[in-house]
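Step one of this worksheet: look at the structure below.
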Amino acid sequence: MALNPRVVIGPRNNGDVGVFVSPAGVNADTASDSSLMLNITSKVSQLLLAGKLTVSGTVLLGLSRSPYVFLTSQFDFTTIIGFPGGPGPIRPSPAIGLSASGATINSNGVSMTITTAGVPCSYLVYGIPFT
Amino acid sequence: MTERVKIDSTAASPFRVSAAGVDVNLAEFADLIFDGNQSPLRLWGTGWGTVAGNTYDEWTGGKNTEWSGFVAGPVTPAGTTPVFMTMWRPVPSGFVRTPLVKNIHSQASAGGGFSSGSFYGLSFSVGTPVAPSTRPSDVAVNYAIFKNYQ
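As given, the protein sequences belong to chains W and E, one line each in that order.
1 is the number of the first residue of the first sequence in the numbering used here; add one for each residue after it.
1001 is the number of the first residue of the second sequence in the numbering used here; add one for each residue after it.
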């Protein structure tokens, strides 16, 4: 009995190159894109780095071009009357009564300096050049 | 032939995949479609819920946010929260909007956030002084929560 390969690394039947993982009983070499469990062939969701700073600071990136960076500020939900939870990230960011957080990309991607708005700030760095 | 996939447990990155025509050994970040040092975004769940706004009386009393029921998110290491996205729309409008705070009578505004391990839809809408104890119309808040955290 021939086994269906469930993991393909490199080129597969339709010419795409990457990494492909299929569900049980499905051939990863010939399956449609929509039926795969994992399909690494594009840069769409490629995170390079994710993290959080509690105070302003510099994060080393080691890149040669400026990447896309997304910031989300924390919010002290305890300032909302009656709210049951504690501080956390919020959108819009920040929501109420705070100045904006910001990031400066240094030397074309060598590092980035994040200026927080007095609250922790989360960052996502993507593998897509901004400039 | 250009090498595009490389697995090397002793390299700075154990697993890299480069874009078409780019040597994986020489590719800079913009030409990589996967780098094993950082997992790609992995969807944990999506959904939506409705939330009413604040009454005028609540707003004059200092309350500026109303929240929906919570959605317990994936468990992440202490001090971190999942990556998430959220959008909203007034009910029954079909026009979906990015998060926004207005706190202005009769102008809906909403967003969402993570608090104590759960996602909450948030409404910043405020009722009118003509009906000070009546809540403004519901807003629908949708969300996409990822297993990734920060």
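The beta carbon of each residue, even a glycine, is placed where N, CA and C say it ideally should be.
Predicted model only: the values in this text are computed from it and were never measured.
From the options, residue whose alpha carbon lies closest to that of residue i
i	options	result
residue 1098 of chain E	E:1146, E:1149, E:1142	E:1142
residue 72 of chain W	W:66, W:17, W:94, W:86	W:94
residue 124 of chain W	W:51, W:107, W:18	W:51
residue 1113 of chain E	E:1105, E:1122, E:1107	E:1122
residue 1073 of chain E	W:18, W:88, W:49	W:88
residue 1116 of chain E	W:32, W:66, W:90	W:90
residue 1109 of chain E	E:1076, E:1070, E:1050	E:1050
residue 1029 of chain E	W:3, W:32, W:119, W:109	W:109
residue 107 of chain W	W:96, W:59, W:120	W:59
Neighbour list for residue i in chain W, Cβ cutoff strictly below 9 Å
i	result
residue 1026 of chain E	Under the 9 Å cutoff, chain W gives no residues; its nearest Cβ is about 12 Å from residue 1026 of chain E.
Under 8 Å between C-beta atoms of residue i and residue j
i	j	result
residue 1096 of chain E	residue 1089 of chain E	yes
residue 86 of chain W	residue 75 of chain W	no
residue 1031 of chain E	residue 1013 of chain E	no
residue 81 of chain W	residue 1063 of chain E	yes
residue 1150 of chain E	residue 1080 of chain E	yes
residue 1019 of chain E	residue 1033 of chain E	yes
residue 1055 of chain E	residue 1129 of chain E	no
residue 1146 of chain E	residue 1043 of chain E	yes
residue 19 of chain W	residue 38 of chain W	yes
residue 1151 of chain E	residue 1119 of chain E	Limits of chain E in this structure are 1001 at one end and 1150 at the other, which puts residue 1151 of chain E out of reach.
Residue i: contacting residues in chain W (beta-carbon distance under 8 Å)
i	result
residue 1148 of chain E	47, 50
residue 1107 of chain E	The contacting residues do not exist; residue 1107 of chain E stays about 15 Å from chain W at best.
residue 1144 of chain E	Those within 8 Å of residue 1144 of chain E in chain W number zero; the least Cβ separation is about 12 Å.
Contacts that residue i makes with chain E (C-beta to C-beta distance below 9 Å)
i	result
residue 18 of chain W	1004, 1005, 1017, 1033, 1034
Interface residues of chain E facing residue i [CB-CB closer than 8 Å]
i	result
residue 80 of chain W	1063, 1064, 1065, 1067
residue 88 of chain W	1081, 1113, 1114, 1115, 1116
residue 10 of chain W	1004, 1005
residue 124 of chain W	1083, 1150
Cβ distance (whole Å) where residue i is taken to contact residue j below 8 Å
i	j	result
residue 7 of chain W	residue 21 of chain W	5 Å
residue 10 of chain W	residue 1005 of chain E	5 Å
residue 1100 of chain E	residue 92 of chain W	6 Å
Chain-ordered chain E contacts of residue i [CB-CB under 7 Å]
i	result
residue 41 of chain W	1033
residue 95 of chain W	1101, 1111
(message) Extract the residue ranges of the beta strand (DSSP E) inside the segment 9–59 of chain W, only unbroken runs of 3 or more that lie entirely within it.
(response) 17–21, 38–40, 47–53
(request) List in chain order: all unbroken alpha helix (DSSP H) runs of 4+ residues lying wholly within the segment 1009–1040 of chain E. (result) none
(request) Ignoring anything shorter than 3 residues or poking outside the segment 53–127 of chain W, list the beta strand (DSSP E) runs there in chain order. (result) 57–60, 67–75, 88–91, 102–106, 111–115
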